[in-house]
Amino acid sequence: MRIGVFICHCGSNIAGTVDVAAVARAAAKFPDVAYATDTMYACSEPGQEGIVQAVQELQLDGVVVASCTPRMHEPTFRRTVERAGINRYFFEMANIREHVSWIGKNTERNTAKAIELVRMAVEKLRRNRPLIPKRFDVVKRVLIIGGGVAGIQAALDCADGGQEVVLVEREQSIGGKMAKLDKTFPTIDCSSCVLGPKMVDVGQHPKITLHTLAEIESVSGYVGNFQVTIRKKARFVDWSKCTGCGLCMEKCPSRKAPDPFNEGLCTAPSINIPFPQAIPKKAAINPDTCIMKQKGKCGLCAKICPVKCIDFDQQDELVTVDVGAIVVATGYDLFDWHKYPQYGQGRYPDVITSLQYERLLSASGPTGGHIKRPSDGKEPKTVVFIQCVGSRDRSVDRPYCSGFCCMYTAKQAILTKDHIPDSQSYVFYMDIRSPGKGYDEFTRRAMEEYGAQYVRGRVSMIYPKGDQLVVRGADTLAGTQVEVAADLVVLAVGAEAARGAVALGEKLRVVPDQYGFFVESHPKLKPVETNTAGVFLAGACQGPKDIPASVGQGSAAAAKVLALLSKDQLESDPQVSRVTPARCVGCGKCVQTCPFGAIKLVEDRFGNPKAEVVETVCQGCGICTVTCPQGAIQLEHFTDNQILAEVNALCPPRIRVNYAS
Amino acid sequence: MSASDSRELRIVGFLCNWCSYGGADTAGVARFSQPTDLRIIRVPCSGRIDPLFIVRALINGADGVLVSGCHPRDCHYAEGNFYARRRLETLKQFLSATGIDPRRFEYTWVSASEGQRWQHVVTEFTRRIHELGPAPIMSHVSEGAWFDAAAPAAAGQSCPCHG
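Same order as they appear, the protein sequences are chains Y and B. Position 187 (the first sequence) corresponds to 221 in the numbering used here; numbering is contiguous. Position 35 (the second sequence) corresponds to 36 in the numbering used here; numbering is contiguous.
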């Protein structure tokens with residue numbers, strides 16, 4: 035074998051703390067190494083061209099590149115060696131940037147370590163085999179989980195791109211958090227006027243199948259061929275008949291439950307259509323509050339319904355769909371501010387969240403767009419906004435910035451002045467973070483044109499005094515204590531991961547970060563991909579995002595899906611397990627351990643049981659390889675011999691035992 | 002004792018590609034400085050790690066072996082790390098019977114986003130290995146002595162320890 039070794043400088047990233055020339059000199063002496071050199075940027079066009087030339091001129095049949103992590107550039111260099119005419123699996127990478135030059139300052143030690151990592155890669159490469167990928171068909175359908183604005187955008191873009199779309203939403207209507215907003219920053223557009231037409235498009239699009247009041251039960255399969263089971267929850271109304279006339283809502287005698295769409299500011303009947311623009315506009319019964327479901331009598335809605343669509347005996351329904359790709363757009367939840375004792379923990383009715391305030395501002399909200407205090411219905415004249423409630427606060431385990439709270443507070447301060455011209459708003463803030471297009475101008479307008487009083491400092495406590503609330507905080511710019519007598523206090527609560535996100539992540543094999551937001555494949559270059567092929571992220575499930583960013587990501591995820599589904603066939607990774615039938619004793623241990631059901635027992639021509647790997651199903655984890663007592667099943671590209679070669683390269687055997695003699 | 006002050010020891014790490022290798026990358030990207038004793042072998046899943054790899058490394062003279070995979074329930078392959086946990090725990094119990102100090106082997110879980118945790122794991126494990134010092138050479142038996150011991154067995158004679 036003739037191996038070429040290329041040590042990358044990566045500018046000064048590697049060359050700064052590793053003597054790359056010394057590594058190349060050492061590598062030249064390793065077994066089978068025919069050529070070793072150092073190169074400025076191996077991944078650049080001239081760098082790759084140098085590799086191709088060396089392979090062709092020196093008749094190399096294996097290449098080692100020592101540079102960054104294989105998680106970044108392994109596919110790049112595999113394509114390079116393929117271009118040079120050798121099988122892409124005759125390429126190995128030594129990670130001397132993330133694992134050497136970036137974590138150690140001692141050049142001598144880094145160089146020694148880099149030499150050993152190259153030695154490891156060479157030893158592994160000497161035992162590599164050419165692998166050829168298999169091809170399989172792609173299901174041309176996409177599943178989108180979450181019907182907020184990101185999911186809606188992804189669904190419409192995919193459907194307009196000609197793919198079939200299955201959209202699954204947990205709530206009764208699509209629209210998500212955006213449907214609850216009154217206006218959007220920085221344009222003061224009417225939120226539902228922007229979103230409404232898109233929701234209607236989703237409802238009417240011939241390529242989109244919409245499942246609301248539904249959750250993902252299970253996911254199996256792999257990129258191009260996922261099988262997804264969806265649980266459609268019992269809604270006790272036959273939606274194929276319901277016309278959304280709303281007669282049942284008017285007559286329902288059970289109307290004490292808080293209305294989730296209006297954030298608990300008012301109550302809703304047990305049979306309900308969440309809001310006038312809901313898609314689909316169908317009624318559903320809440321079994322927890324319905325008198326018929328709880329006590330077995332009532333049934334008024336069934337009597338009054340003109341199309342007889344009430345069905346109290348309806349059960350959950352499981353639907354299975356085959357899809358080729360999945361977009362996760364599960365969004366976020368608001369931080370539960372009841373963790374803050376200094377803000378009353380819910381004892382004062384006039385301390386509300388920003389989203390509740392949004393409902394008070396909305397013309398379709400519980401007060402018809404008039405700002406009224408929840409306690410006595412009076413119009414507040416002094417409104418205090420408190421920022422960073424559940425953001426940038428280590429004490430409640432939310433050290434991150436939620437990103438959009440500064441902006442929606444400025445918007446709410448502006449709208450307050452519009453609704454009540456003789457009102458005064460105070461905003462307690464930590465920093466103003468408004469980096470988007472037109473955002474800084476917008477917060478300036480709130481201060482300068484609308485006279486919102488911005489006070490820099492945290493609020494230490496809120497306490498009632500008469501029918502007002504006293505907000506006590508610090509003004510860190512003036513260096514004084516501040517007290518404001520407020521009629522209404524609005525908490526700008528931060529964003530946290532949606533409830534149930536972690537459990538969904540387990541089903542999709544998408545990893546959440548420590549706060550429950552899903553981790554993207556690469557923070558810069560793969561912002562909507564995940565480490566599970568065929569699963570993409572859109573919107574705030576990946577981290578707090580405002581509407582433009584969510585829409586942008588929805589479209590980006592759709593573009594990725596369309597690129598994936600534009601192919602009729604995909605190549606499967608040939609790094610799968612392979613059975614040596616002569617060694618296999620047919621014990622079936624591998625069949626039992628495989629998490630994907632990729633191994634089955636077949637009979638050979640003598641009738642002996644033998645394991646066989648279904649290559650397109652095998653994911654290449656190698657659990658079976660360790661399980662096999664005979665060593666008969668080996669994970670290609672990570673065989674026992676290859677890994678042991680790496681071990682031996684690091685720790686040369688001290689005693690040579692010759693058992694044969 | 003700071004590990005970087007003394008002679009480097011030989012620590013072998015087996016890391017799963019999806020979580021811990023990514024975590025080590027994250028630590029590198031964030032420039033979290035670490036002792037340089039550890040060399041990492043990348044495997045697709047912690048479930049791919051045969052306990053015999055670890056034993057082989059230790060017999061060959063590794064001063065320590067560190068295994069790291071995805072947190073339980075976060076495995077890219079659904080349940081690979083459950084298999085790993087069972088195998089590695091068994092190995093840990095078994096090592097002392099072989100004459101290898103079980104403190105020289107450790108397994109842990111680090112996710113791809115936990116760069117800081119990886120730095121902590123590496124630093125702590127390296128410190129532990131330096132406290133234990135270099136691993137004793139497994140056997141002082143020379144190659145000739147091996148043949149002496151093997152010859153009676155090959156001739157069908159019973160071994161001296163069993164009479």
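Where is the CB? At the ideal position from N, CA and C, for every residue including glycine. Bear in mind that the values here come from a model prediction, so they are computed numbers and not experimental data.
* **Host alpha helix (DSSP H) of Thr-91(B) (start-end)** => First-last of the alpha helix (DSSP H) with Thr-91(B): 81–96.
* chain Y contacts from the segment 21–36 of chain B (Cβ-Cβ distance under 9 Å) -> The residues in question are Tyr-22, Gly-23, Ala-25, Asp-26, Thr-27, Ala-28, Gly-29, Val-30, Ala-31, Arg-32, Phe-33, Ser-34, Gln-35 and Pro-36.
* Under 7 Å by beta carbon: chain Y residues contacting Glu-9(B) -> Residues of chain Y passing the Cβ test: Arg-143.
* To do: Look at the alpha carbon of Ala-4(B) and the alpha carbon of Val-111(B), and state the distance between them as a whole number of angstroms.
  => Residue confidence is low: Ala-4(B) scores 47 on pLDDT, short of 50, so the model does not pin down where it sits. Its coordinate-derived value is still stated next. Their backbone Cα atoms lie some 22 Å apart in a straight line.
* Would you call the segment 353–361 of chain Y and the segment 251–269 of chain Y touching, i.e. three or more CB-CB distances under 8 Å? -> Contact annotation: the segment 353–361 of chain Y touches the segment 251–269 of chain Y, with at least three C-beta pairs closer than 8 Å.
* Which chain B residues are close to Glu-351(Y), counting only those with a beta carbon under 8 Å from its beta carbon? -> Ordered by position in chain B, no residue passes the 8 Å Cβ test against Glu-351(Y), which lies about 26 Å from the chain.
* Val-44(B): contacting residues in chain Y (beta-carbon distance under 8 Å) -> Within chain Y, the residues near Val-44(B) are Gly-656, Phe-672 and Ile-677.
* Asked: What runs of the alpha helix (DSSP H), each 4 residues or longer, lie entirely inside the segment 263–298 of chain Y?
  -> Correct list: 281–285.
* Determine the direct distance from the alpha carbon of Thr-246(Y) to that of Glu-203(Y), and round the result to whole angstroms. => Between the alpha carbons of Glu-203(Y) and Thr-246(Y) lies a distance of about 5 Å.
* Local Cβ density within 10 Å of Met-233(Y), reported as buried at 16 or more and exposed below that -> That one is buried.
* Could you give the C-beta distance for Arg-88(B) and Pro-52(B), rounded to a whole number, given that I count them as a contact under 8 Å? -> Right, their Cβ atoms sit about 5 Å apart.
* Taking Gly-588(Y) as part of the alpha helix (DSSP H), name the residues at either end of that continuous run. => In the DSSP assignment, Gly-588(Y) falls within the unbroken alpha helix (DSSP H) covering 581–599.
* **Closer than 8 Å to chain B by CB, Glu-605(Y)** => Answer no: the Cβ-Cβ gap between Glu-605(Y) and chain B never drops below 8 Å.
* **Of the residues Pro-292(Y), Thr-564(Y), Asp-547(Y) and Cys-224(Y), the one placed nearest Val-362(Y), counting alpha carbons only** => The shortest C-alpha separation from Val-362(Y) is found at Thr-564(Y).
* To do: Assign Phe-369(Y) to one of three DSSP states: helix, strand, or coil.
  => Note: Phe-369(Y) maps to coil in three-state DSSP.
* Asked: For Val-122(B) and chain Y, any beta-carbon pair shorter than 8 Å?
  -> No, Val-122(B) does not count as interfacial toward chain Y.
* **Within-8 Å CB hit, Arg-49(B) to chain Y** => Yes, Arg-49(B) counts as interfacial toward chain Y.
* Asked: From the beta carbon of Ala-694(Y), is the nearest beta carbon of chain B less than 8 Å away?
  -> In this prediction, Ala-694(Y) has a pLDDT of 45, which is less than 50 and means its spatial position is unreliable; nothing more can be read from the coordinates.
* With contact counted as at least three CB pairs below 8 Å, one residue from each stretch, are the segment 314–332 of chain Y and the segment 144–154 of chain Y in contact? -> Pairwise C-beta distances place the segment 314–332 of chain Y out of contact with the segment 144–154 of chain Y, as fewer than three of them are shorter than 8 Å.
* Run through DSSP, which three-state label would Trp-119(B) get? -> Correct three-state label for Trp-119(B): helix.
* Starting from the beta carbon of Arg-128(B), find every residue of chain Y whose beta carbon is closer than 7 Å, and list them in chain order. => Ordered by position in chain Y, no residue passes the 7 Å Cβ test against Arg-128(B), which lies about 16 Å from the chain.
* Can you give the Cα-Cα distance for Asp-194(Y) and Asp-367(Y), rounded to whole angstroms? -> Roughly 29 Å separates the two Cα atoms.
* To do: Between the Cα of Asp-410(Y) and those of Asn-140(Y), Asp-674(Y), Gly-665(Y) and Asp-384(Y), spot the shortest distance and give me the residue it belongs to.
  => Nearest option by C-alpha distance: Asp-384(Y).
* Asked: Pick from Asn-320(Y), Val-57(Y) and Lys-579(Y): whose alpha carbon is nearest that of Arg-269(Y)?
  -> Check the Cα spacing between Arg-269(Y) and each of Asn-320(Y), Val-57(Y) and Lys-579(Y): the tightest is with Asn-320(Y).
* **Minimum C-alpha distance to Cys-279(Y) - residue among Pro-340(Y), Gly-330(Y) and Thr-650(Y)** => Selected option, being the one with the closest Cα: Pro-340(Y).
* Residue range of the alpha helix (DSSP H) that includes Val-115(Y) -> That run of the alpha helix (DSSP H) goes 104–117.
* Within-8 Å CB hit, Ser-3(B) to chain Y -> Here Ser-3(B) scores only 46 on pLDDT, less than 50, and its place in the model is too uncertain to base an answer on.
* With respect to the alpha helix (DSSP H) encompassing Lys-541(Y), which residues constitute its N-terminal and C-terminal limits? -> Looking at the DSSP string, the run of the alpha helix (DSSP H) that includes Lys-541(Y) is 535–542.
* The alpha helix (DSSP H) enclosing Ser-225(Y), as first and last residue numbers -> Looking at the DSSP string, the run of the alpha helix (DSSP H) that includes Ser-225(Y) is 225–238.
* Are there three or more Cβ pairs, one per stretch, closer than 8 Å when the segment 86–98 of chain Y is compared with the segment 177–193 of chain Y? -> By the Cβ criterion, the segment 86–98 of chain Y is not in contact with the segment 177–193 of chain Y, since fewer than three pairs of Cβ atoms, one from each stretch, lie closer than 8 Å.
* Collapsed DSSP secondary structure at Ile-48(Y) in the structure displayed -> Here Ile-48(Y) sits in helix by DSSP.
* So the alpha helix (DSSP H) Lys-471(Y) belongs to, where does it begin and stop? -> It is not in any alpha helix (DSSP H) - Lys-471(Y) carries neither H nor E in the DSSP assignment.
* Taking the C-alpha atoms as reference points, what is the distance between Gly-166(B) and Ser-555(Y)? -> With chain B covering only 2 through 164, there is no way to say anything about residue 166(B).
* Asked: Going by beta carbon distance, what residues of the same chain come within less than 6 Å of Ala-63(B), once the five residues before and after it are set aside?
  -> Same-chain partners within the cutoff: Arg-11 and Val-13.
* Would DSSP call Lys-706(Y) helix, strand or coil? -> Only positions 35 to 695 of chain Y appear in the structure, and residue 706(Y) is not among them; the question remains open.
* Asked: Taking the alpha-carbon positions, what's the Ala-445(Y) to Arg-407(Y) distance?
  -> The displayed chain sequence assigns Lys, not Ala, to residue 445(Y). Near 19 Å, if we compare the C-alpha coordinates of Arg-407(Y) and Lys-445(Y).
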